[in-house]
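Residue 7 is where the sequence shown starts when you use this note's numbering, and the numbers rise one by one after that.
Yeah, the Cβ is synthetic: ideal placement off N, Cα and C, and Gly gets one too.
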Amino acid sequence: MRRPRPSRLPGVLSGILVVVLPVTGCTTATNSLHPGRTQIRSAQSPLGEILVNGRGRTLYLFVADPPNLSACSGACASIWPPATTQGPPSAAGAAQAAQISTIARSSGPRQLVYAGHPLYYYQGDTGSGETRGQGLTQFGAEWYAVSPQGQQVQTKAGSDGGSRSRTRRDRRA
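Next up, the structure:
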């Protein structure tokens, strides 16, 4: 009488699960610039009080954007990634919840808007509190950090060689 051979199916299936589960987990992971539900808060910086995300990344506006519409896509969005949220955004500090909204992008999560300005990060800012994108002219217009009042923040050289911050109403206002 022949003995039945043990099935290899359970071993094969567990091997497949070991390979498939980590791969599927990667597809649901969120990018550090798109952490799911985003918080907009205020923070002190060398520019004065500005808006940042929950991890301290500076938020910028693009002067070329019409109100509540992004003019930055393609190569522009690779240097200036849109600040997005996958859930309802929240406010903290001096950031005003009533000023926060979102707009649809052609693909991906919704882009954050503050006081009518679509918000972006700058790829050159590698850590919390950095403002390397401040005042740059790229893709046809200037980029500025945003104040809790929803205005662009500009720096002005002081007589002591340092910089003082001041806010200026957006040119569209």
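- Under a 10 Å Cβ-count criterion, R138 is classified as exposed, with fewer than 16 other Cβ atoms of the shown protein chains found around its own Cβ.
- One Cα belongs to E148, the other to Q129, and the distance between them is close to 15 Å.
- Every unbroken stretch of the beta strand (DSSP E) spanning 3 or more residues and falling wholly within the stretch 69 to 153 is given here in chain order: 96 to 98, 106 to 109, 116 to 120, 147 to 152.
- Between A89 and L53, the gap from beta carbon to beta carbon reaches 8 Å or more.
- If the five residues before and after S96 are omitted, its C-beta is found closer than 6 Å to the C-beta atoms of Q45, all from its own chain and listed in chain order.
- Bridge pairing for G54: S51 [DSSP].
- Inter-residue distance for I56 and T91 is about 19 Å (C-alpha atoms, whole angstroms).
- Residue environment for G156: buried (at least 16 other C-beta atoms within 10 angstroms of its C-beta).
- Residue environment analysis places S134 among the exposed positions, since fewer than 16 neighbouring C-beta atoms fall within 10 angstroms of its C-beta.
- Under the DSSP assignment, T161 falls in the beta strand (DSSP E) whose first and last residues are 158 to 163.
- Cβ atoms of A70 and A77 come within 8 Å of each other, at about 5 Å.
- Under DSSP, Q45 shares a beta bridge with S96.
- If the five residues before and after N74 are omitted, its C-beta is found closer than 8 Å to the C-beta atoms of S107, I109, V119, G122, P124, all from its own chain and listed in chain order.
- CA-CA distance, S113 to G99, rounds to 30 Å.
- R111 has its alpha-carbon roughly 19 Å from the corresponding atom of N59.
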